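Structure first, commentary second.
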Amino acid sequence: MSEEQRPIAVVSDLSVFVQRQQLGEATSQIQYVSQGHCLIIGEVAQALSAGERFSEHGFTVVQIDPEITRTDKRLTDDGIAVFSVPALSLNGYLGAYRAVVPMAAGEELDLGVSVYRETGLFDVVLDLSSQAVMPVRLAPFGYVHATTAEAIDEAVDSLNDMRGEFEKPRYFNYNESTCAHSRSELDGCNQCIDICTAEAITPSGEGVSVDPFLCQGCGSCATVCPSGAMSYAYPRVSDALERSRKSLRENQANTIILHTEEVQSLVDEAASREGVLSLLVEEVSAFGPDYWLSMLAGAVQHILVVTDSPADDPGRQALDAQLQWVGPLLAELGIDEVPVELLASTALDARLQQLAVSRDPASPLENVKAQSFSTHNEKRQTLRLALDALSEQLRPAEPIVKLPSGAPFGQIHVDTTACTLCMACVSTCPAKALQDGQDTPALRFVEANCLQCGLCESACPESAISLEARYIWDSVAARKVETLHEETPFHCVRCHTPFATQSMIDNMTQKLAGHWMFQNDKAVRRLRLCGDCRVRDMFEEDAAGIDVHNL
Numbered sequence: 001m002s003e004e005q006r007p008i009a010v011v012s013d014l015s016v017f018v019q020r021q022q023l024g025e026a027t028s029q030i031q032y033v034s035q036g037h038c039l040i041i042g043e044v045a046q047a048l049s050a051g052e053r054f055s056e057h058g059f060t061v062v063q064i065d066p067e068i069t070r071t072d073k074r075l076t077d078d079g080i081a082v083f084s085v086p087a088l089s090l091n092g093y094l095g096a097y098r099a100v101v102p103m104a105a106g107e108e109l110d111l112g113v114s115v116y117r118e119t120g121l122f123d124v125v126l127d128l129s130s131q132a133v134m135p136v137r138l139a140p141f142g143y144v145h146a147t148t149a150e151a152i153d154e155a156v157d158s159l160n161d162m163r164g165e166f167e168k169p170r171y172f173n174y175n176e177s178t179c180a181h182s183r184s185e186l187d188g189c190n191q192c193i194d195i196c197t198a199e200a201i202t203p204s205g206e207g208v209s210v211d212p213f214l215c216q217g218c219g220s221c222a223t224v225c226p227s228g229a230m231s232y233a234y235p236r237v238s239d240a241l242e243r244s245r246k247s248l249r250e251n252q253a254n255t256i257i258l259h260t261e262e263v264q265s266l267v268d269e270a271a272s273r274e275g276v277l278s279l280l281v282e283e284v285s286a287f288g289p290d291y292w293l294s295m296l297a298g299a300v301q302h303i304l305v306v307t308d309s310p311a312d313d314p315g316r317q318a319l320d321a322q323l324q325w326v327g328p329l330l331a332e333l334g335i336d337e338v339p340v341e342l343l344a345s346t347a348l349d350a351r352l353q354q355l356a357v358s359r360d361p362a363s364p365l366e367n368v369k370a371q372s373f374s375t376h377n378e379k380r381q382t383l384r385l386a387l388d389a390l391s392e393q394l395r396p397a398e399p400i401v402k403l404p405s406g407a408p409f410g411q412i413h414v415d416t417t418a419c420t421l422c423m424a425c426v427s428t429c430p431a432k433a434l435q436d437g438q439d440t441p442a443l444r445f446v447e448a449n450c451l452q453c454g455l456c457e458s459a460c461p462e463s464a465i466s467l468e469a470r471y472i473w474d475s476v477a478a479r480k481v482e483t484l485h486e487e488t489p490f491h492c493v494r495c496h497t498p499f500a501t502q503s504m505i506d507n508m509t510q511k512l513a514g515h516w517m518f519q520n521d522k523a524v525r526r527l528r529l530c531g532d533c534r535v536r537d538m539f540e541e542d543a544a545g546i547d548v549h550n551l
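Residue 1 is where the sequence shown starts when you use full-length UniProt numbering, and the numbers rise one by one after that.
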């Protein structure tokens, strides 16, 4: 994705968005309200000069000087507030930027309040400082960092237009119940947080929080999410698949070009060939393995993703990372050359010419009959159904294929000599891949549910768990409940109620052997009592030491 801000527009409703993306249902709207008041950060003379072009809507100047020790405020002859501050903290988005100066004893000076802004907030920010005050890779709407004369002119023109009411789609849906970010204060999956260039995603309890005002619709978070807790809403997966299948039927195409508006003209020139379908999308990085594999199951032979983003762009890296585990799956089906390619717009025409003259009739994809299925917008179900459809026609060489670390499928290994069946792993598993034995001390596992998030590995106090990324082609086998470890229950030596396992009692006894509280037989025996009997035993011991004749 380009690191320039995505456009927002003044719209009255979402009908334009719905029509453009052929959505089954509209996503909600995010609204910005801006009065155009600009906070200009930089050297005072330069900032005042730039501010002359904001005079209609008002502006405030702040100069950051680490050498000073106190905050100074003055007014120009025109009544413009000019601050000199040792440091500045800035956060927010179009119409709601908060600028504060840290002060002694944890206090802070709110500049928006100081200049009597009704909201206490600034609408837009022009940052002229050498180092950006907001160094985020994809800046929020309404913030521009500019250091050259040309860039400053463009920034002023752009920010002056940001006055009024603006709307954009809510690009994402999030289901915290299936999120693998954290459990029991243990860190699990951070992929969406790490990939978000707008820094719109932050940890929140056992899940994450997405600021819809900062989100700019990159879609990479949905692509890298192993569980589908984070999904793209513009369009939803089901809408994208239905739109694509309909277009494929109408055009009898076997090659899909995914592209954005930025490269529309180049794509139009290259995509006029027979059998080629171009699909305009909001952001190519939002279309990942669930979409690719569903299209291959729909008899598509080539998917060309047009992106001019550099190799270090997070959105491109997200797609590359998914291809790393999709490739081995397809290779197991006899598809040695991955049919999903990331191409620069200038390379598209040449690649289409090459595909036209180098068609391989022996390619397994030539014989795939189109399959369609309902996904209910559930990512893992979509992946499984697509792979089932492909494997039914292109028989895999082996029943199980090994995948690189980081793939969202796999199993876990349990060292049964170390495992005490404490069930810490079960309580932290977000996908219910790990289950207890209910009335039996046992650890069960459903491989189809495993996200390879690593929470179970982190939770295990005995370091008895390790991960292995792989994929089982047989869906029935993948959904089978497997017993990883099972023991006979340990019975209370007093009431004979089962309450633990032999290994747990042995391990606890061994670890407490040197503790001063367990240096006599009575205390050690108490470890072999259930909770109720342990309480009774302690009360009986206390009562035995009381001489009732001395009361």
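The C-beta atom is built at its ideal place from N, Cα and C for all residues, glycine as well. Model, not experiment: these values are computed from the prediction.
- Taking all protein chains shown into account, C225 has 16 or more neighbouring C-beta atoms within 10 Å of its C-beta and is therefore buried.
- Excluding sequence positions up to five before and after Q191, its CB lies within less than 6 angstroms of the CB of V224, all in the same chain and listed in chain order.
- Cβ-Cβ separation between S220 and I195: approximately 5 angstroms, consistent with a contact (criterion under 8 angstroms).
- The criterion of a C-beta distance shorter than 8 angstroms is not satisfied by T483 and Q502.
- The secondary-structure analysis by DSSP pairs G219 with nothing; it has no beta-bridge partner.
- In the three-state reduction of the DSSP assignment, A99 falls in the strand class.
- For T428, the enclosing alpha helix (DSSP H) covers residues A424 to T428.
- Taking each of A442, Y471 and D312 in turn and checking the Cα distance to Q452, the smallest one comes out for Y471.
- Annotation: P289 is outside any beta strand (DSSP E); the continuous alpha helix (DSSP H) that includes it extends over P289 to A297.
- Between L529 and M508, the CB-CB gap reaches or exceeds 8 angstroms.
- Residue burial is scored here from C-beta neighbours: P399 has fewer than 16 other C-beta atoms within 10 angstroms and is therefore classed as exposed.
- Between S345 and V263, the C-beta spacing is below 8 angstroms.
- By the criterion of a C-beta distance shorter than 7 angstroms, S130 is surrounded in its chain by T147, once the five residues flanking it on both sides are discounted.
- Cα atoms of L385 and A50: separation of roughly 57 angstroms, rounded to the nearest angstrom.
- In the three-state DSSP reduction, D110 falls in the strand class (E or B).
- As the crow flies, the alpha-carbon of T375 is around 22 angstroms from that of H302.
- Contact between the region 416–433 and the region 347–358 is not established, with fewer than three Cβ pairs separated by less than 8 angstroms.
- When DSSP states are grouped into helix, strand and coil, M508 belongs to the helix group.
- Cβ contact annotation for A424 (same chain, cutoff 7 angstroms, sequence separation greater than five): A459, C460 and P461, in chain order.
- Bridge pairing for Q435: R444 [DSSP].
- Under the three-state reduction of DSSP, F166 is assigned to strand.
- Using a 10 angstroms sphere on the CB of Y116, the tally of other CB atoms stays under 16, which defines it as exposed.
- For L512 and I412, the gap between their C-alpha atoms comes out near 30 angstroms.
- Three or more pairs of CB atoms, one per stretch, sit closer than 8 angstroms, so the region 58–66 contacts the region 75–86.
- Burial is judged here by how many other beta carbons sit within 10 angstroms of a residue's own beta carbon; S204 has fewer than 16 and is exposed.
- Between the region 389–405 and the region 322–329 there are three or more C-beta pairs closer than 8 angstroms, enough to call the two in contact.
- No Cβ-Cβ contact shorter than 8 angstroms links L455 with L241.
- Boundaries of the alpha helix (DSSP H) around I152: A149 to N160.
- L88 and A96 do not touch by the CB rule: their CB atoms are close to 17 angstroms apart, not below 8 angstroms.
- Just so you know, the alpha carbons of S272 and V306 end up roughly 16 angstroms apart.
- Contact check for R137 and T197: beta-carbon distance about 4 angstroms, within the 8 angstroms limit, so the pair qualifies.
- Burial check for I68: the Cβ neighbour count within 10 Å stays below 16, so the residue is exposed.
- Contact check for C179 and P430: beta-carbon distance about 7 angstroms, within the 8 angstroms limit, so the pair qualifies.
- At the C-beta level, T440 and E378 stay beyond 8 angstroms of one another.
- With respect to the C-alpha of E165, the residue from V237, V284 and G36 having the closest C-alpha is G36.
- For secondary structure counted as the alpha helix (DSSP H) over 4 or more consecutive residues, the region 456–514 holds these complete runs in sequence order: 475–478 and 502–511.
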